[in-house]
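Residue numbering for the sequence shown follows my numbering, starting at 2 and increasing by one per position. The C-beta atom is built at its ideal place from N, Cα and C for all residues, glycine as well. Here the structure is laid out as structure tokens; the discussion comes afterwards.
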Amino acid sequence: MWKGYRDAQTGWIQIVEDLHERVPEKGDFSPFGSPQGPSRVAQFLVIYAPRRGILEVWSTQQGPRVGAFNVGKHCRLLYPGYKIMGLNNVTSQSWQPQTYQICLVDPVSGSVKTVNVPFHLALSDKKSERAKDMHLVKKLGALLKAKSPNLDLIEREIKELILDIKYPATKKQALESILASERLPFSCLRNITQTLMDTLKNQELESVDEGLLQFCASKLKLLHLYESVSQLNSLDFHSDTPFSDNDLAVLLRLDEKEFLKLQALLEKYKQENSRTAVRFSDVKDGVLPVKTFLEYLEYEKDVINIKKTSEEEYVALGSFFFWKCLHGESATEDMCRTLESAGLSPQLLLSLLLSVWLSKEKDILDKPQSVCCLHTMLYLLSKMKVAIEETWDSQSVSPWWQQMRTACIQSENNGAALLSAHVGHSVAAQISNNLTEKKFSQTVPGADSEALTDSWEALSLDTEYWKLLLKQLEDCLVLQTLLHSRANARAAKVSSLQAEPLPKLSVKKLLEGGKGGIADSVAKWIFKQDFSPEVLKLAANKERDAENPDEPKDGSPRGLFEVAEVEMDLGAIPDLLQLAYKQFPCSLELDVLHAHCCWEYVVQWNKDPEEARFFVQSIEHLKHILNAHIQNGIALMMWNTFLVKRFSAATYLMDKVGKSPKDRLCRRDVGMSDTAMTSFLGSCWDLLQTLLEADVSRDEMQVPVLDTEDAWLAVEGPVSIVELALEQKHIHYPLVEHHSVLCAVLYAVMRFSLKAVKPLSLFDSKGKNAFFKDLTSIQLLPSGEMDPNFISVRQQFLLKVVSAAVQARHALAKDRDSSEEAPATPFEKEQDWPVLAVNLAHHLQVSEDVVRRHYVVELYNYGADHLGEEAILQVQDKEVLASQLLVLIGQRLAQAVLRAQTREGLELLARLPPTLCTWLKAMNPQDLQNTEVPIATTAKLVNKVIELLPEKHGQYSLALHLTEAVEAISLPPS
Numbered sequence: 002m003w004k005g006y007r008d009a010q011t012g013w014i015q016i017v018e019d020l021h022e023r024v025p026e027k028g029d030f031s032p033f034g035s036p037q038g039p040s041r042v043a044q045f046l047v048i049y050a051p052r053r054g055i056l057e058v059w060s061t062q063q064g065p066r067v068g069a070f071n072v073g074k075h076c077r078l079l080y081p082g083y084k085i086m087g088l089n090n091v092t093s094q095s096w097q098p099q100t101y102q103i104c105l106v107d108p109v110s111g112s113v114k115t116v117n118v119p120f121h122l123a124l125s126d127k128k129s130e131r132a133k134d135m136h137l138v139k140k141l142g143a144l145l146k147a148k149s150p151n152l153d154l155i156e157r158e159i160k161e162l163i164l165d166i167k168y169p170a171t172k173k174q175a176l177e178s179i180l181a182s183e184r185l186p187f188s189c190l191r192n193i194t195q196t197l198m199d200t201l202k203n204q205e206l207e208s209v210d211e212g213l214l215q216f217c218a219s220k221l222k223l224l225h226l227y228e229s230v231s232q233l234n235s236l237d238f239h240s241d242t243p244f245s246d247n248d249l250a251v252l253l254r255l256d257e258k259e260f261l262k263l264q265a266l267l268e269k270y271k272q273e274n275s276r277t278a279v280r281f282s283d284v285k286d287g288v289l290p291v292k293t294f295l296e297y298l299e300y301e302k303d304v305i306n307i308k309k310t311s312e313e314e315y316v317a318l319g320s321f322f323f324w325k326c327l328h329g330e331s332a333t334e335d336m337c338r339t340l341e342s343a344g345l346s347p348q349l350l351l352s353l354l355l356s357v358w359l360s361k362e363k364d365i366l367d368k369p370q371s372v373c374c375l376h377t378m379l380y381l382l383s384k385m386k387v388a389i390e391e392t393w394d395s396q397s398v399s400p401w402w403q404q405m406r407t408a409c410i411q412s413e414n415n416g417a418a419l420l421s422a423h424v425g426h427s428v429a430a431q432i433s434n435n436l437t438e439k440k441f442s443q444t445v446p447g448a449d450s451e452a453l454t455d456s457w458e459a460l461s462l463d464t465e466y467w468k469l470l471l472k473q474l475e476d477c478l479v480l481q482t483l484l485h486s487r488a489n490a491r492a493a494k495v496s497s498l499q500a501e502p503l504p505k506l507s508v509k510k511l512l513e514g515g516k517g518g519i520a521d522s523v524a525k526w527i528f529k530q531d532f533s534p535e536v537l538k539l540a541a542n543k544e545r546d547a548e549n550p551d552e553p554k555d556g557s558p559r560g561l562f563e564v565a566e567v568e569m570d571l572g573a574i575p576d577l578l579q580l581a582y583k584q585f586p587c588s589l590e591l592d593v594l595h596a597h598c599c600w601e602y603v604v605q606w607n608k609d610p611e612e613a614r615f616f617v618q619s620i621e622h623l624k625h626i627l628n629a630h631i632q633n634g635i636a637l638m639m640w641n642t643f644l645v646k647r648f649s650a651a652t653y654l655m656d657k658v659g660k661s662p663k664d665r666l667c668r669r670d671v672g673m674s675d676t677a678m679t680s681f682l683g684s685c686w687d688l689l690q691t692l693l694e695a696d697v698s699r700d701e702m703q704v705p706v707l708d709t710e711d712a713w714l715a716v717e718g719p720v721s722i723v724e725l726a727l728e729q730k731h732i733h734y735p736l737v738e739h740h741s742v743l744c745a746v747l748y749a750v751m752r753f754s755l756k757a758v759k760p761l762s763l764f765d766s767k768g769k770n771a772f773f774k775d776l777t778s779i780q781l782l783p784s785g786e787m788d789p790n791f792i793s794v795r796q797q798f799l800l801k802v803v804s805a806a807v808q809a810r811h812a813l814a815k816d817r818d819s820s821e822e823a824p825a826t827p828f829e830k831e832q833d834w835p836v837l838a839v840n841l842a843h844h845l846q847v848s849e850d851v852v853r854r855h856y857v858v859e860l861y862n863y864g865a866d867h868l869g870e871e872a873i874l875q876v877q878d879k880e881v882l883a884s885q886l887l888v889l890i891g892q893r894l895a896q897a898v899l900r901a902q903t904r905e906g907l908e909l910l911a912r913l914p915p916t917l918c919t920w921l922k923a924m925n926p927q928d929l930q931n932t933e934v935p936i937a938t939t940a941k942l943v944n945k946v947i948e949l950l951p952e953k954h955g956q957y958s959l960a961l962h963l964t965e966a967v968e969a970i971s972l973p974p975s
């Protein structure tokens, strides 16, 4: 029984623990001691004493009173949580606490109140304090998320909450969450931190946590720095100093010629770079939220350091400090003084300044006055303590300037890097001169010259590094300008491989790219643009003509005309190429560049063999290499790396099917379509021919010496393609020739879709075994007389090729006649197949004259008499040819006389000698491919045959009779 509680109303309330507020004790390994354990439940007794007008909350069991509230004397306590008595283990599982376990109804005010008890009030004192702190932190988090227009009220409540927290670690956690809030303005953050700082200072020294005090002090320091920088940036400051190009040239210590050259280079770079640059207009430079500012910096031992951040965050912080200064909109000296006094080291400030300058290239190039601002800023930073020590060893390189040079070397924004290097060079020279004068004035008499000499040696040493860097950056700028340039849009198909963007360049990348890195980057650009090798030659000729205007110009007029047509779409590219050649006379030597282009194209072709034009273009670049040593090595490397496996697969496939394989089989075995495979075999034949020619020429040439420009002697990295090419062994000429014959056979089968041809059946066992071996090895090849059966098969094949070639030419001529525009077919640029067949006959031990005679007969067969007359000149045995042509004449006449079956034809036949009539009737005109040849043309052919036949020949009289017959046919009927 409790006294004073007559007529009291009671109820129970259950509170479930929030696991996030649990504070485990050290050494407590029970499930309830870890955040992963089950939630605990606390029971509280609520008593309403109406006589006293008080509502009390008691902790059970035998716990203290945890709360008391004054309420009216006419209230009613409702406890809707009553349940049936005798809950068992089944019914108790489905029991859930009510949403409002206790309600207090006040009839006087007409209000209904609920009771909510924090769980930590059920714990012991020690745990209660920690749980209360966590509860306050949770309450603080909700307050920071709340949207309230009254910031003063929010600030006051936050101060109360953070001051109520007992434990220092929790206080620190709360302050961190406050400073990380995006809703609170800067003034609130500063006031809250200052209030906490003042409260800690007013406490007894023993009870103050040192770590919390230092944390508050460091955050206040950063907040004061943020406030100072923001105020300087917000001032309406504008530099009224007049500015001209001459002033800039003097500032950078450049004469007029050097300055104009720099201006021209930057202008070209800006024009080409503007095509690829992307800029977002909503980005505000020089503005940084205080939350972000505090995240980036940390204050420790009177020094401000930057936490590990990304490049974008680094630039954002640098922009906050320096962007207004670089635009002349903020007081540079005041900013440097503020940053230095805050504890930022000169080295850190230099790093931030350069990160901003190098990343904001477009804005900087559009505003040259920013160069003056950078000069001022850099000079002020260099004059800070511990930036450049006056006692630095004069024979060593200053770490201060080395830091700046390293940043320029690593930057991919070459325009900004070149300008900053010029500024750094100028400031370094200015400071060195000042130190020299100071040292000279302080030296004792008799030591003047020695002191001056020492100083100038130090200046010269550092100056050499600056000059080297300026040359490297200028070269890199020229190269990057070239790689950004594009030809005017063409309607030609562009591969997805060509659409991939090129990586940006930096001096560091070029130094690490090996000796071939520069040529390789240009080759990748040429591949993206898909330029003809003639474009490279044109630019090289322009440079040579500019250097030697009096030298005679070589080159065929047709070639120059073709290049002139190409040049119309190139814009400024030939001039940019010419400038690149001038900057890199060794690295971009024409043979070296063609070698890299050749390799780039074949590498890209290997990624997508359907793009046959890439392989064709690769061979074109290979043919443009003048030095046979390089040409031989590149061709051999191409064959071994990319071609021999596909070539052997194509050979075995075609030999297996005995004809030109279908598209599905080509894709399965060779990895490309039948059309692409045809082009592939043609390009392979070109490569093998080039390899043979290079092997002959290399003995007459010296091995080239691969020089490097002076500015790039420190280059390191992978071995260049040209160096690898020069290391290749000599080929075995007969073996390459052997492969070339096979390649020509395969190419012919695919080109003309020949059937009933097994390529390997044209070779004996020795010939077959020698295929696909290393072209530099000595292999046992066929020699001596070949089996007549082999020669017969080979001859049939060659005659079949000649017939197919003449037929293709005839079909092409018919297409041209039927349409005004020439069809889009590559046949015009293909091999001269009859000539190739004659060459193959030589290698296959087939009579060349047989092939030539067959070619002549086929030309007349298709009605190309004018070409046949030219081809007759190449035939050796003209008697045999004349006999073959007599048959063809007979077929033409039989077609004209017998097949017509007209009255005039029959009358004409009656007038002819019986022998001739019998001979004509034996002819089969169906073998003629062209039956529409005029009789006058046939008359010319008869006369030609009479010229070829000797008078004693058995068919000479037949030829004379044919002359009479032709004349009779050509005469009009009377």
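Report the option in the options whose CA atom is closest to the CA atom of residue i.
| i | options | result |
| --- | --- | --- |
| residue 424 | 397, 373, 416 | 373 |
| residue 766 | 47, 893, 744, 791 | 791 |
| residue 498 | 479, 525, 520, 514 | 525 |
| residue 613 | 586, 679, 365 | 679 |
| residue 484 | 519, 467, 468 | 519 |
| residue 673 | 654, 716, 364, 528 | 654 |
| residue 73 | 624, 802, 114 | 114 |
| residue 888 | 41, 923, 389, 627 | 923 |
| residue 517 | 295, 939, 928, 587 | 587 |
| residue 11 | 225, 109, 116 | 116 |
When you compare only the Cα positions, how much space is there between residue i and residue j?
| i | j | result |
| --- | --- | --- |
| residue 957 | residue 933 | 26 angstroms |
| residue 514 | residue 353 | 28 angstroms |
| residue 407 | residue 742 | 57 angstroms |
| residue 799 | residue 846 | 11 angstroms |
| residue 842 | residue 954 | 29 angstroms |
| residue 357 | residue 365 | 10 angstroms |
| residue 897 | residue 795 | 36 angstroms |
| residue 235 | residue 602 | 56 angstroms |
| residue 495 | residue 711 | 38 angstroms |
| residue 288 | residue 317 | 8 angstroms |
| residue 961 | residue 925 | 21 angstroms |
| residue 198 | residue 328 | 38 angstroms |
| residue 617 | residue 488 | 21 angstroms |
Here's the rule: buried if 16 or more other CB atoms are within 10 angstroms of the residue's CB, otherwise exposed. What is residue i?
| i | result |
| --- | --- |
| residue 29 | Low local confidence applies: a pLDDT of 45 at residue 29 is under 50, so the model's placement there is unreliable, with the coordinate-based value given in what follows. Classification for residue 29: exposed. |
| residue 70 | exposed |
| residue 860 | buried |
| residue 170 | exposed |
| residue 500 | exposed |
| residue 143 | exposed |
| residue 857 | buried |
| residue 786 | exposed |
| residue 867 | exposed |
| residue 986 | Examination of residue 986 is not possible in this model, given that the chain is present from 2 through 975 alone. |
| residue 211 | exposed |
| residue 194 | buried |
Just confirm the distance between the C-beta atoms of residue i and residue j, as a whole number of angstroms; I'd bet it's less than 8 angstroms.
| i | j | result |
| --- | --- | --- |
| residue 685 | residue 643 | No, residue 685 and residue 643 are not in contact; Cβ-Cβ is about 10 angstroms, not under 8 angstroms. |
Does the segment 723 to 733 touch the segment 626 to 646, meaning 3 or more C-beta pairs lie closer than 8 angstroms? yes
Across the segment 659 to 677 and the segment 743 to 761, are there enough close Cβ pairs to call them in contact, namely three or more that are closer than 8 angstroms? yes
Measuring CB atoms only, is the segment 931 to 950 touching the segment 913 to 920, in the sense that at least three cross pairs come out at less than 8 angstroms? no
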